[in-house]
Amino acid sequence: MVARVTWTKPAVKQLREIYNYFVQVASKRTAKKIRDKIQSRTKILSNHPLAGQREELLKDMSVEFRYLVEGNYKILYWVESEIVFIASVFDSRQNPEKMKKELD
Numbered sequence: 001m002v003a004r005v006t007w008t009k010p011a012v013k014q015l016r017e018i019y020n021y022f023v024q025v026a027s028k029r030t031a032k033k034i035r036d037k038i039q040s041r042t043k044i045l046s047n048h049p050l051a052g053q054r055e056e057l058l059k060d061m062s063v064e065f066r067y068l069v070e071g072n073y074k075i076l077y078w079v080e081s082e083i084v085f086i087a088s089v090f091d092s093r094q095n096p097e098k099m100k101k102e103l104d
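Residue 7 in the working numbering is what sits at position 7 of the sequence shown, and the numbering runs on without skipping anything.
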């Protein structure tokens with residue numbers, strides 16, 4: 001199965017915030033590198049939509065969330081039919097409860 005990968009608006013916003021943060025604290029080059037790594041990591045999902053692990057903290061949600069890790073970031077997603085929805089890019093150094101609140 002070849003799935004289409006779609007980023008939700010909140011995930012796009014989070015990725016933009018990550019980029020903007022690194023532009024301020026590091027450089028545009030660093031920001032672009034981090035953003036590109038996160039985006040690149042999701043490309044595996046086109047051919048392997050179930051590649052990520054199940055997110056146990058979100059097991060009570062209405063969809064089954066899975067995640068990939070890139071650096072300090074958890075890329076949370078769910079699969080519906082042949083579409084992979086990127087739901088969130090979460091900094092795993094934060095309190096995990098925040099992740100749950102963001103997706104609730």
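The C-beta atom is built at its ideal place from N, Cα and C for all residues, glycine as well. The structure displayed is predicted, hence computed values, not measured ones.
Notebook entry, point to check: How big is the Cα-Cα spacing for serine 46 and isoleucine 86?
Noted result: On the sequence shown, position 46 is the one that residue 46 refers to. On the sequence shown, position 86 is the one that residue 86 refers to. For serine 46 and isoleucine 86, the distance between alpha carbons rounds to 12 Å.
Next item on the list: Specify, as a first and last residue, the run of the beta strand (DSSP E) that lysine 74 falls within.
Entry: Position 74 of the sequence shown, counting from 1, holds the residue named residue 74. Segment 73-80, the beta strand (DSSP E) holding lysine 74.
Notebook entry, point to check: From what residue to what residue does the alpha helix (DSSP H) around isoleucine 83 run?
Noted result: As a first step, residue 83 must be located in the sequence shown, where it is residue number 83. Per DSSP, isoleucine 83 belongs to no alpha helix (DSSP H); it is in the beta strand (DSSP E), 83-91.
Next item on the list: Return the Cβ separation of isoleucine 18 and threonine 42 in integer angstroms, given the expectation that the two are a contact with Cβ distance under 8 Å.
Entry: Residue mapping note: residue 18 aligns to position 18 of the sequence shown, counting from 1. Residue mapping note: residue 42 aligns to position 42 of the sequence shown, counting from 1. So it is not a contact: roughly 14 Å between Cβ atoms.
Next item on the list: Rounded to whole angstroms, what's the CA-CA distance from tyrosine 67 to lysine 37? Just pull it up for me.
Entry: The count along the sequence shown starts at 1 and reaches residue 67 at position 67. The count along the sequence shown starts at 1 and reaches residue 37 at position 37. Their backbone Cα atoms lie some 15 Å apart in a straight line.
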